[in-house]
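See below for the structure under consideration.
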Amino acid sequence: MEGTAIILLCSCLLSILMFYSAADTISANQTISDGQTIVSARGEFEHQILDTGNLVFRDENEQNFAWQSVDHLVDNVLPGMKFGYDLATGADRYTLPWKNEYDPAPGNYTHRVDKNGYPQIFLWKDSVPCSESSPITRMTLNPTGTSTTYIWNREKKEWTQYLILPVSDCDRYGICGTNGVCNVNKSPRCECMEGFDPKNPEDWAQADWTNGCSRKVQLECGNGDGFLKCAGVKLPDTRWSWYNMNMNLVECKKKCLKDCNCTAYSNTDIRNGGSGCLLWFGGLKDIKGYSEDGQDLYVRMAASELKENRKLGVKKHLQLKIVLVPVLVILTVMISLYLLYAYKTKRRKRAGKVKTLAGQDLDLPLFSFMQIAKATNNFSDNRQLGKGGFGTVYKGILEEGQEVAVKRLSKDSRQGVDEFMNEVSCIAKLQHRNLVMLLGCCIEEGERLLIYEYLPNKSLDYYIFDKNMCRSLNWPKRYNIILGTARGLLYLHQDSRLKIIHRDLKASNILLDHEMNPKISDFGLARTFGESETPSSTTRVVGTHGYMSPEYAFDGLFSVKSDVYSFGVSLLEIIAGKRNRGFDHPDHNLNLIGHVWKRFNECNLLEVVDTVILESSNQHEVFRVIQIGLLCVQEYPEDRPNMSATIMMLTRDDTLPIPKQPGFFAERKNCHETGSSSEAFSLNTVDMSSFAPR
């Protein structure tokens, strides 16, 4: 069929071209008679069909077309073809089907742009519009008036059907008549806009909507006319409209009110909140309603009609209240009963768990609430040592004079009975110089208290993040805190009876005794495992952002390597004197881990170190510890060392592996050449002397 079309097109060229003597180009709509020719300036023409399907006559200049088929559309629109009205030449380019599939004579349908009013594309049958559309990539108009648009499939090398118009009854032009709205999701398809009634109710009853709708109340220009919003529609036919692309919706409304013939207005462009002004005059035809999307059309109404709509809205609102109030009351009662039942059930379970804990052989003293209240001066504010998410810590003095720290869980604390029991059972039998010692607990109705050894120097964060207190910690003290914390974690992971994963290691949970030795505290989130048990997962991710490893924060997976990551973050904070989360630098927006990684790649670790410890530190040792910290915060857990390997690196001077990219950091180009290794700590070594600035 395509070959036939080309032969016909070529044969037509000799009979429909018109000649201007000495001319070497032909404009659209010009023809030459039989026997006449057109000669190029150089006396020769090239006749060629381009890859785009464009048939051209041209001379040696590839851009100088004497004639091209894209200026003369038939029943196909291909890429590169010009469609629509050319304001410069007056040429009107439109698609025209064959009379039938065997007869190439012009058919009854055309697909063309109507430039009247706001330009739009119509499918016409003779001089009657049938539907609106717009061409996409390729368009075909068949003899039955069906317009098909295609998209070229590069992989299959074929045209893929994209859209056929009309799709439904609502795509037929003006099916609901003037002031009617067509909606394919409703039955019947057509209905009148608010404030309008069918002109001929009998015809509407027979599904003949062509006569459309008329106003219930006629407009009274200047007497309080207003507008009713018709939301989610395809805008009416714009051939008899007026538009301005620079006006906003408020200006558009004022413009319409000033003209008594204006019946509706809308935006021309709904993007970015809407812009432009489009006004209609007279009846509104070819409106289509959508269940989603669409544009807003503001239809002019008489003042009395707007009042009726408001009254109807009030009435509907009242009816809704009458229905909703009893439903809400019943629902509230049911929810209250359920919450009461759930509360009592939870209390019974809590009481059972407390009895279970009290009956366990934990070799742990149980204090009475009165004893603890007396020791803390009835939980006086001046005895308060700190406050966290799970409760408040007070300093207490027992009757025998021993100083203790009392952790009182608030009744609305995020740490429930499970976490309380977990903390008691985890720490009750732990004995290590770098773990805080639990001396006892108090379990009475509504009260949960833990009694710890008292550490006079508070927590690590009190020192390293304060510009004055940080001076109390020189490099030897900070190194001792890092090493002591590592040994405490190693005990939890490897040397205790049960493997314990802390899950919330951070500066505020590292307490300092009178000699500034570190002790890990707060085991409320810890998890215990047997020797043969593997890493676990949870759907309830708890901990502190900035210290959680990527696999735990994103997937709920935790293991001893999760604690290693938290240790690495704490190590870098101790050296830098800055918090990881909330870290600020004028050169970038990275967190502390990202900043250290960036400076490591730039071989400029000196900028990372807290200036307070520069004089008291061994530069090689500090840089080495920073690199160990980066090894601990690597993105993937299998790349991180365990705590045993970490302590070996901290206490020896062996060559260290090169760390890989840390977690929670956008990748940057590394200035070091790295190779591949199946052993996490045997290859990719680096000499720490290269990190001193030159």
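In case it helps, mature numbering (1 follows the signal peptide of the UniProt record, and there is no 0) puts the sequence shown at residues -23 to -1, 1 to 671.
Glycine residues also receive a C-beta, built at the ideal position from the N, C-alpha and C atoms.
By the criterion of a C-beta distance shorter than 8 Å, K102 is surrounded in its chain by N85, Y86, G122, once the five residues flanking it on both sides are discounted.
Taken in chain order, the whole beta strand (DSSP E) runs of length 3 or more contained in the stretch 354 to 432 are 361 to 364, 368 to 374, 380 to 386, 415 to 421, 424 to 430.
The residue from M414, N355, I428 with its alpha-carbon nearest to that of K384 is I428. The Cβ neighbour count for R277, taken over all protein chains shown within 10 Å, is at least 16; the residue is labelled buried. Distance check between Y62 and each of Q40, R89, D52, Q45 places R89 closest, using alpha-carbon atoms only.
Assigned with DSSP and collapsed to three states, P636 falls in coil, not helix or strand. Annotation for M278: the continuous beta strand (DSSP E) segment containing it runs 272 to 278. Annotation for I458: the continuous alpha helix (DSSP H) segment containing it runs 452 to 467. Within 10 angstroms of the beta-carbon of T117 lie 16 or more other beta-carbons, which makes it buried.
Per DSSP, R576 lies in no beta strand (DSSP E); the unbroken alpha helix (DSSP H) holding it starts and ends at 569 to 578.
In the DSSP assignment, the residues bridged to P175 are C190. Taking all protein chains in view, the Cβ of D616 is crowded by 16 or more other Cβ atoms within 10 Å, so the residue is classified as buried.
In this structure, R425 lies away from L362, with their beta-carbon atoms at least 8 Å apart. Exclusion of the five residues before and after T353 leaves R360, Y371, G373, V383 as the residues of its chain whose Cβ lies within less than 6 Å of its Cβ. Collapsing the DSSP output to three states places W181 in a helix. Spatial neighbours of C198 in its own chain (CB-CB distance under 6 Å, excluding positions within 5 residues in sequence) are listed in chain order as C237. A direct Cα-to-Cα measurement between F34 and E23 gives close to 6 Å.
DSSP links Q611 through a beta bridge to P639. For the pair G365 and K444, the Cα-to-Cα distance works out to about 22 Å.
For E168, the uninterrupted beta strand (DSSP E) segment begins and ends at 167 to 169.
One thing to note: K538 has its Cβ no nearer than 8 Å to the Cβ of T505. DSSP places K206 inside the beta strand (DSSP E), whose first and last residues are 203 to 211. Counting of Cβ neighbours within 10 angstroms places I312 among the exposed residues, the total staying below 16.
Going by beta carbons, D246 and G253 fall inside the 8 Å limit. D246 carries a strand assignment under DSSP once its states are collapsed to helix, strand and coil.
One thing to note: S345 has its Cβ no nearer than 8 Å to the Cβ of N451. Close CB contacts of V47 within its chain, under the 7 Å cut and outside five residues either way in sequence, are with N31, G57, M58, K59 (chain order). Counting along the chain, the unbroken beta strand (DSSP E) around T505 starts and ends at 504 to 506.
The count of Cβ pairs closer than 8 Å, one atom from the stretch 573 to 581 and one from the stretch 456 to 470, stays below three, leaving the stretches out of contact. Excluding sequence positions up to five before and after C239, its CB lies within less than 8 Å of the CB of K232, C233, L256, W257, F258, R277, all in the same chain and listed in chain order. In the displayed model, Y524 falls within coil according to three-state DSSP, outside both helix and strand. Residue state for T121 is assigned as coil, using DSSP reduced to three classes. Only exposed fits N130, as fewer than 16 other CB atoms lie within 10 angstroms of its CB.
With a threshold of 16 other beta carbon atoms within 10 Å, P433 falls short and is exposed. For S124, the CB contacts under 7 Å within the same chain, skipping 5 residues up- and downstream, are H88, L100, S110, M116, L118, L142 in chain order.
For A484, there is no enclosing alpha helix (DSSP H), as DSSP gives it neither H nor E.
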